[in-house]
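Protein chains in written order, with my numbering: chain A, 849 to 962; chain B, 62 to 176. Even glycine gets a Cβ: it sits at the ideal position worked out from N, Cα and C. Keep in mind that this is a model prediction, so the values were computed, not measured. One structure is given below, encoded as structure tokens.
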Amino acid sequence: KAGVTQTPRYLIKTRGQQVTLSCSPISGHRSVSWYQQTPGQGLQFLFEYFSETQRNKGNFPGRFSGRQFSNSRSEMNVSTLELGDSALYLCASSSRDWTKNIQYFGAGTRLSVL
Amino acid sequence: GESVGLHLPTLSVQEGDNSIINCAYSNSASDYFIWYKQESGKGPQFIIDIRSNMDKRQGQRVTVLLNKTVKHLSLQIAATQPGDSAVYFCAEKVRQGNYGQNFVFGPGTRLSVLP
Numbered sequence: 849k850a851g852v853t854q855t856p857r858y859l860i861k862t863r864g865q866q867v868t869l870s871c872s873p874i875s876g877h878r879s880v881s882w883y884q885q886t887p888g889q890g891l892q893f894l895f896e897y898f899s900e901t902q903r904n905k906g907n908f909p910g911r912f913s914g915r916q917f918s919n920s921r922s923e924m925n926v927s928t929l930e931l932g933d934s935a936l937y938l939c940a941s942s943s944r945d946w947t948k949n950i951q952y953f954g955a956g957t958r959l960s961v962l
Numbered sequence: 062g063e064s065v066g067l068h069l070p071t072l073s074v075q076e077g078d079n080s081i082i083n084c085a086y087s088n089s090a091s092d093y094f095i096w097y098k099q100e101s102g103k104g105p106q107f108i109i110d111i112r113s114n115m116d117k118r119q120g121q122r123v124t125v126l127l128n129k130t131v132k133h134l135s136l137q138i139a140a141t142q143p144g145d146s147a148v149y150f151c152a153e154k155v156r157q158g159n160y161g162q163n164f165v166f167g168p169g170t171r172l173s174v175l176p
């Protein structure tokens, strides 16, 4: 079974631009979560999507948004990029079984904002 | 609580020795915990999980201990190998409202295995 796939692996953008990251979950998984990882703040939760609906959102500004499609693939968008948005963006999928809810992570997209 | 990774704690162990990595969690209502391993250039990889109705769970060469009284988790790795060198994170599942849930990650511990 294929794992979580994130594209692209690397991105370089300039301040003020916008970016879209993509995540394909493990087949059969309907929940997709996004995290931002930086050396200073560690792993921070962005949002979770389940069945095309945002179920939960972390403490990030409205410039960060996402969506999920009917095939469970998800995209994350960051508008008006700032230098501080440089980070590794990780996507995780799970079956969202309430008794056991392992999140499986992709390799991430490394975003550099210049 | 949110994780703050200002200075990553480092644990150095000799190859073949046992490693113990500790983690404090924040929410006494959390009922599910996971340990992840992250190698350079990769996403976090699941190691072992434990529910709050258990105190201990064992896997292959790994054991997780949960102390709910002091909100503490530990990961024990037996006979540590060079391939165990990585950053290890604990994560607690927190619920938001009726449907929301997410994991809150600890700051991580870097494990360095010495030859």
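Pull the bridge partners of residue i from the DSSP assignment, please.
i	result
valine 148(B)	Gln99(B), Arg171(B)
tyrosine 93(B)	Arg112(B)
glutamate 76(B)	Beta-bridge pairing links glutamate 76(B) to no other residue.
threonine 71(B)	Arg171(B)
alanine 85(B)	His133(B)
glycine 851(A)	For glycine 851(A), which the question treats as bridged, DSSP gives no partner whatsoever.
arginine 156(B)	Gln162(B)
Measure the C-alpha to C-alpha separation of residue i and residue j and round it to an integer number of angstroms.
i	j	result
valine 65(B)	serine 135(B)	Summary for valine 65(B): the model assigns pLDDT 37, below 50, so the residue's position carries little reliability, and this model does not support an answer.
glycine 167(B)	glycine 161(B)	20 Å
serine 173(B)	glycine 102(B)	16 Å
isoleucine 81(B)	valine 125(B)	10 Å
glycine 800(A)	serine 943(A)	Here chain A covers residues 849 to 962 and nothing more, so residue 800(A) does not appear.
valine 74(B)	serine 918(A)	47 Å
serine 920(A)	glycine 851(A)	14 Å
serine 922(A)	alanine 152(B)	22 Å
lysine 140(B)	leucine 72(B)	Residue identity check: residue 140(B) is alanine in the sequence provided, not lysine. Distance between the alpha carbons of alanine 140(B) and leucine 72(B) is about 15 Å.
glycine 169(B)	tyrosine 883(A)	15 Å
phenylalanine 908(A)	glycine 77(B)	43 Å
arginine 911(A)	glycine 864(A)	11 Å
serine 941(A)	proline 105(B)	12 Å
tyrosine 858(A)	leucine 959(A)	6 Å
arginine 122(B)	isoleucine 138(B)	6 Å
lysine 905(A)	phenylalanine 893(A)	8 Å
threonine 862(A)	leucine 929(A)	7 Å
Find the residues of chain A that neighbour residue i, judging by a C-beta separation of less than 7 Å, and give them in chain order.
i	result
isoleucine 111(B)	Those within 7 Å of isoleucine 111(B) in chain A number zero; the least Cβ separation is about 11 Å.
glutamine 157(B)	Asn904
lysine 98(B)	By Cβ distance, chain A contributes nothing, its closest Cβ being about 11 Å from lysine 98(B), past 7 Å.
Cβ closer than 9 Å: which chain B residues qualify as neighbours of residue i?
i	result
isoleucine 950(A)	Ile95, Phe107, Asp110
glycine 954(A)	Gly104
At a CB-CB cut-off below 8 Å, which residues of chain B make contact with residue i?
i	result
leucine 938(A)	Gly104, Pro105
Give the interface partners of residue i over in chain A, defined as CB-CB distance under 9 Å, in chain order.
i	result
glycine 169(B)	Gly890, Leu891
So residue i contacts chain A; which residues on that side make the cut at Cβ distance below 8 Å?
i	result
asparagine 163(B)	Ser881, Phe893, Glu896, Asn904, Gly906
lysine 117(B)	Simply none; closest approach about 17 Å.
lysine 154(B)	Asn949
*Of the residues that make up the stretch 878 to 905 of chain A, which ones have a beta carbon closer than 7 Å to any beta carbon in chain B?*
Ser881, Pro887, Gly888, Gln889, Gly890, Leu891, Gln892, Phe893, Glu896, Arg903, Asn904
*Quick one: which unbroken beta strand (DSSP E) runs of 3-plus residues sit fully inside the stretch 879 to 948 of chain A? Chain order, please.*
879 to 886, 890 to 898, 901 to 905, 912 to 916, 922 to 926, 935 to 942
*Closer than 9 Å, Cβ to Cβ, to anything on chain B: give me those residues from the stretch 905 to 939 of chain A, in chain order.*
Those residues of the stretch 905 to 939 of chain A that come within reach of chain B (Cβ to Cβ, closer than 9 Å) are Lys905, Gly906, Asn907, Leu936, Leu938, Cys939.
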